[in-house]
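As structure tokens, the structure follows; a few thoughts come after it.
Residue numbers (our numbering): 123 to 288.
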């Protein structure tokens, strides 16, 4: 079909098509996406029935707006994919779950072998979040003794965890 014998709107579009493709390619960096944008441009152009006299600036503006929208969609899609990837990384696999359960059982066994007052000091300070002074008052010992008992418990747990690695 000859560019001059068809509908004036189509003729205007066809005259500008190569320039529209060049603008779209420069904006998105992909020939195939640029082609889609120029096709979308034609659809928008025909829906609104713009006058053929104003074709070039209007068609250029439509293509540039479509390119901007394309970049925005890509940013949103990339952010969604990145978020999904991060969530998948946070979900432990079965091996990590087994290792964590094993470590938890070793900690529990180590705690069970602590002297009762040392276990209470550890629990009050590390689980119940009491201060050394509050713990000392409850147990009837000094703050420095509480500190020593909690330290002993932590070392005992660490040694139990390290012993199972070998």
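Cβ coordinates follow ideal geometry from the N, Cα and C atoms, glycine included.
Helix, strand or coil for residue 215 per DSSP?
-> Within the chain shown, the letter at position 93 stands for residue 215. DSSP places residue 215 in coil when its eight states are reduced to three.
What are the boundary residues of the alpha helix (DSSP H) that residue 168 is part of?
-> Within the chain shown, residue 168 is the residue found at index 46, counting from 1. Looking at the DSSP string, the run of the alpha helix (DSSP H) that includes residue 168 is 153-170.
Is residue 247 helix, strand or coil when you go by DSSP?
-> Here residue 247 refers to the residue found at position 125 of the chain shown. Three-state DSSP puts residue 247 in a helix.
Could you name the residues of the same chain whose beta carbon sits closer than 8 Å to that of residue 283, not counting the 5 residues immediately before and after it, in chain order?
-> Indexing the chain shown from 1 puts residue 283 at position 161. Result list for residue 283: 225, 228, 229 and 232, in chain order.
With distances taken from CA atoms, which of 149, 130 and 184 is nearest residue 166?
-> The residue given as residue 166 occupies position 44 in the chain shown. Looking at the Cα atoms, 184 is the closest of the given residues.
Return helix, strand or coil for residue 236, following the three-state DSSP convention.
-> Taking the first residue of the chain shown as position 1, residue 236 is located at position 114. Coil at residue 236, not helix or strand.
Considering only residues of the same chain and omitting the five flanking positions on each side of residue 153, which have a CB-CB separation below 7 Å?
-> Here residue 153 corresponds to residue number 31 of the chain shown, with the count starting at 1. For residue 153, where only same-chain residues beyond five positions count, the Cβ hits under 7 Å are 147.
Can you say whether residue 281 is buried or exposed, counting buried as having 16 or more other CB atoms within 10 angstroms of its CB?
-> Along the chain shown, one-based indexing puts residue 281 at 159. Classification of residue 281: exposed, given that the 10 Å Cβ count is below 16.
Beta-carbon spacing of residue 158, residue 143 below 8 Å = For this step, residue 158 is matched to residue 36 along the chain shown. For this step, residue 143 is matched to residue 21 along the chain shown. Contact: no.
Assuming residue 177 contacts residue 135 (C-beta within less than 8 Å), just tell me the rounded distance between them.
-> Locating residue 177 in the chain shown gives position 55, where the first residue counts as 1. Locating residue 135 in the chain shown gives position 13, where the first residue counts as 1. Their Cβ separation, rounded to whole angstroms, is 7 Å, which keeps residue 177 and residue 135 in contact under 8 Å.
Among 174, 197, 164 and 168, the one whose alpha carbon lies nearest that of residue 150 | Here residue 150 is taken as the residue at index 28 of the chain shown, counted from 1. It is 197 whose Cα lies nearest to the Cα of residue 150.
Do you know offhand how far residue 274's Cα is from residue 250's?
-> Taking the chain shown and counting its residues from 1, the one referred to as residue 274 is at position 152. Taking the chain shown and counting its residues from 1, the one referred to as residue 250 is at position 128. Near 18 Å, if we compare the C-alpha coordinates of residue 250 and residue 274.
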